[in-house]
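A short worksheet on the structure shown next.
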Amino acid sequence: WTTGRNQLVRLAKALPVKYSYYIFLDDDVRLRRGNYTLLEFELTKFQPAVASPIYKRTRSESTYRYAPAQTMSNFDAIVNCFHVNVLQGGYVLPYYDLDDGASWWRSQLGVMLTSVHLYMLTVLEINTVSVGNTLHRDYPRDMNADDTNTANLTALLGAPFLKQVFVNESDLHLP
Numbered sequence: 002w003t004t005g006r007n008q009l010v011r012l013a014k015a016l017p018v019k020y021s022y023y024i025f026l027d028d029d030v031r032l033r034r035g036n037y038t039l040l041e042f043e044l045t046k047f048q049p050a051v052a053s054p055i056y057k058r059t060r061s062e063s064t065y066r067y068a069p070a071q072t073m074s075n076f077d078a079i080v081n082c083f084h085v086n087v088l089q090g091g092y093v094l095p096y097y098d099l100d101d102g103a104s105w106w107r108s109q110l111g112v113m114l115t116s117v118h119l120y121m122l123t124v125l126e127i128n129t130v131s132v133g134n135t136l137h138r139d140y141p142r143d144m145n146a147d148d149t150n151t152a153n154l155t156a157l158l159g160a161p162f163l164k165q166v167f168v169n170e171s172d173l174h175l176p
């Protein structure tokens with residue numbers, strides 16, 4: 002999974018045309034409310050650094066579910082929208098991939114941590130669009146804190162992309 006997402010990051014960066022947003026989504030995503038046109042409209046309106054539509058696993062944390070958008074700190078990778086400056090910046094992406102065989106969740110953890118740390122108030126949940134998924138395949142989800150996982154998560158938290166977050170705000174090219 003992470004390898005595929007990182008391939009998308011490489012391909013997106015190499016495109017001759019730059020888009021305002023790059024939307025990464027799982028192959029089994031189904032829209033439950035709204036549509037992709039509405040999602041694009043909300044991205045243009047709010048101009049978040051990172052955004053995600055409302056999803057069942059994060060919906061319970063949605064304090065302002067009836068507002069069109071709200072800040073978020075926990076978001077599933079089912080659909081992630083990255084502003085071009087976030088994609089090109091190299092701080093949030095590419096995904097952390099040191100232990101993809103143990104858990105696909107850890108790579109998203111890195112995206113969440115760096116996104117919220119760097120772009121706190123512009124990491125948004127788009128509440129006018131809701132998504133779900135139809136397939137539930139088996140995949141590595143281990144998040145237990147055994148010695149191997151602890152070492153890998155420590156590596157994640159000490160990874161160069163997180164050490165580099167202490168940069169001048171002007172270097173981030175916020176949207």
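For the sequence shown, my numbering begins at 2 and goes up steadily by one.
A virtual CB, placed ideally from N, CA and C, is assigned to each residue, including glycine.
Computed from a prediction, not measured in an experiment: that's the story for all the values here.
### Message
Applying the 10 Å Cβ sphere with the 16-neighbour rule, what's the burial state of Ser171?
### Response
Note that Ser171 has pLDDT 48, beneath the 50 cutoff, so the model's placement of it is unreliable and the number below is only indicative. Exposed, by the Cβ-count rule.
For this session: Alpha carbon to alpha carbon, how far is Val124 from Val112? Give it in angstroms, no decimals.
Result: 11 Å
- Look at the Cβ atom of Lys177, then the Cβ atom of Gln89, and state whether they are nearer than 9 Å. Given that the chain is displayed from residue 2 to residue 176, the structure contains no residue 177 and the question cannot be resolved.
Review point. Can you give the Cα-Cα distance for Tyr23 and Pro49, rounded to whole angstroms?
Key: 12 Å
Fill in: Buried or exposed (CB count within 10 angstroms, at least 16 for buried), Arg107
buried
Proximity of Val30 and Ile79 at Cβ, strictly below 9 Å:
yes
For this session: Quick one: give me the first and last residue of the beta strand (DSSP E) that Gln71 is part of.
Result: 70-72
* Asked: Going by Cα to Cα distance, which pick from Ile127, Asp98, Val87 is closest to Leu119?
  -> Val87
Do Leu16 and Ile127 have their CB atoms nearer than 9 Å?
-> no
| message | Let's see if you can read the secondary structure: which residues bound the alpha helix (DSSP H) around Tyr37? | response | 37-47
- Task: Output yes or no for whether 9 Å exceeds the beta carbon distance between Leu32 and Val132.
- Result: yes
Between the Cα of Arg6 and those of Thr129, Thr38, Val93, Met73, spot the shortest distance and give me the residue it belongs to.
-> Val93
- prompt: So which of Tyr97, Leu122, Met121, Thr115 has the shortest CA-CA distance to Gln8?
  reply: Tyr97
Measuring alpha carbon to alpha carbon, tell me which of Met73, Pro54, Ala68 ends up nearest Thr38. Pro54
Open item on the list: My output table needs one value for Tyr120: the three-state DSSP class, helix, strand or coil.
Closed with: helix
Taking DSSP as the reference, what is the three-state secondary structure of Asn81? strand
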